[in-house]
């Protein structure tokens, strides 16, 4: 029997988290938007504690207005009363066995409530942009199965007992899905799969029939969109809370680094007009252009840049989707006025000096069906950089800020941010150093590698 109900809110839009406007909204939007979004987190900070209870009690006593603190309504019934006090106390106590209501995305990209059990166990992630946050929250130990593991080192913390369901980064075959449903049956003595955690960019693989399979089996499906660095930070913070214990503590440390980076960037360029900001184009998968609403694109905005689509109508019209494959090697020919081209490239960790050199060369010279990336980006050598998409969100922001404003944000500062993440104890970075991670590539790195 479920002992209590804890309502957790992870409010996600198609590519961005949306924060309820609570009373404690004096901070920056970037800062606030990356805070723990949990019903009961009445003051919108990074945790649930007696400060939240004080607000709930004040609302009940009539000294505060509940409309100013939407998250004080712990069970989302439109009222703040003694029931919320009881539920909030369970949440403050981190009471095991509680039912947790998570607001995430449905298959259509709309917000929906999904219940699961606290603490979250026996999860199955699908999609790099959500699998890495699971692991950064040190949730690898709670992974019961996975559809694909593409990175030997970054994914090494996935539990050794986890079952390979034999999907791919782009597809979940009928066989892979059958393996997933069998895993749920095999775990019946442990309550089945605790949650299927899905990256929204791969939602096409979760068909209506598969969603129905989950519903019938009682498998919660939590869909997140976390390629954006701020959203990734919130995802890690929230997953850390859901996993509980040391994972929650790690999630707070992880998030604090990103908040500090965001605030530092704002202190330097937050007062810039759009005309003063460096314009940028973001890419992914080597030769895919990101539209201005892409979650890859929005990270560069957080890093202080201004999307080129806002100043070049032709580019905006050419990139109506979140990511669009270049139509040919001349696709970039008319965009030479852009300030920077930031290419998001997932690169595994644990490299030696030769491995770093090879990664740099392979990335810059990448073969795209017989055509080198250098041909697609001809004339952009001094503007093109690659940022490792597997890095923690705050580190990605730091390296992007360095790319656009090298005089304001040094490479050594960005490296220090990455070192801060390494020092948190997050498992994907265990044993790593700056020398074992290819975090950032520019033309100078490429020229040195081929010399």
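In the working numbering, the protein residues as written are 1202 to 1652.
For glycine and all other residues, C-beta sits at the position ideal for the given N, C-alpha and C.
These numbers come from a predicted model, not from an experiment.
Length of the line joining the Cα atoms of residue i and residue j
i, j, result
"residue 1469", "residue 1611", "13 Å"
"residue 1351", "residue 1369", "9 Å"
"residue 1528", "residue 1508", "20 Å"
"residue 1241", "residue 1595", "26 Å"
"residue 1652", "residue 1361", "41 Å"
"residue 1414", "residue 1382", "8 Å"
"residue 1531", "residue 1579", "9 Å"
"residue 1568", "residue 1401", "28 Å"
"residue 1544", "residue 1617", "21 Å"
"residue 1337", "residue 1628", "6 Å"
"residue 1325", "residue 1277", "27 Å"
"residue 1363", "residue 1246", "34 Å"
"residue 1479", "residue 1604", "10 Å"
"residue 1486", "residue 1453", "31 Å"
"residue 1591", "residue 1272", "32 Å"
"residue 1305", "residue 1313", "6 Å"
"residue 1259", "residue 1344", "40 Å"
"residue 1583", "residue 1511", "22 Å"
Three-state secondary structure (DSSP) of residue i
i, result
"residue 1326", "strand"
"residue 1479", "coil"
"residue 1306", "strand"
"residue 1639", "coil"
"residue 1523", "coil"
"residue 1422", "strand"
"residue 1249", "coil"
"residue 1541", "strand"
"residue 1510", "helix"
"residue 1613", "helix"
"residue 1210", "Unreliable positioning characterises residue 1210 in this predicted model, as indicated by a pLDDT of 41, which lies under 50. The coordinate reading is nonetheless provided below. Here residue 1210 sits in strand by DSSP."
"residue 1264", "coil"
"residue 1546", "strand"
"residue 1316", "strand"
"residue 1490", "strand"
"residue 1434", "helix"
"residue 1284", "helix"
"residue 1301", "strand"
"residue 1499", "helix"
Cut-off 7 Å between Cβ atoms - residues of its own chain near residue i, not counting five sequence neighbours on either side
i, result
"residue 1534", "none"
"residue 1637", "1550, 1551 and 1552"
"residue 1448", "1338, 1339, 1340 and 1441"
"residue 1515", "1535"
"residue 1500", "1429, 1430, 1597, 1598 and 1601"
"residue 1374", "1368"
Check whether residue i and residue j have beta carbons under 9 Å apart
i, j, result
"residue 1261", "residue 1282", "yes"
"residue 1303", "residue 1451", "no"
"residue 1600", "residue 1589", "yes"
"residue 1473", "residue 1403", "no"
"residue 1154", "residue 1597", "Coverage of the chain is limited to positions 1202 through 1652, which leaves residue 1154 absent and any answer about it impossible."
"residue 1436", "residue 1425", "yes"
"residue 1356", "residue 1346", "no"
"residue 1275", "residue 1285", "yes"
"residue 1593", "residue 1455", "yes"
"residue 1320", "residue 1446", "yes"
"residue 1317", "residue 1421", "yes"
"residue 1427", "residue 1503", "no"
"residue 1505", "residue 1556", "no"
"residue 1492", "residue 1537", "no"
"residue 1392", "residue 1323", "yes"
"residue 1587", "residue 1614", "no"
Residues near residue i in its chain [Cβ-Cβ closer than 6 Å; skip 5 each side]
i, result
"residue 1482", "1509, 1539 and 1542"
"residue 1650", "1558, 1561 and 1562"
"residue 1366", "1346, 1348, 1377, 1380 and 1381"
"residue 1602", "1466, 1504, 1505 and 1610"
"residue 1585", "1542 and 1578"
"residue 1384", "1346 and 1364"
Beta-carbon proximity list for residue i, same chain, < 8 Å, skipping 5 on both sides
i, result
"residue 1409", "1308"
"residue 1623", "1630, 1633 and 1634"
"residue 1353", "1549 and 1551"
What are the uninterrupted segments assigned as beta strand (DSSP E) that are 3 or more residues long and contained completely in the segment 1324 to 1399, given in chain order? 1324 to 1327
As an exercise, report each continuous alpha helix (DSSP H) stretch of at least 4 residues that is fully enclosed by the segment 1560 to 1603, in chain order. 1574 to 1577
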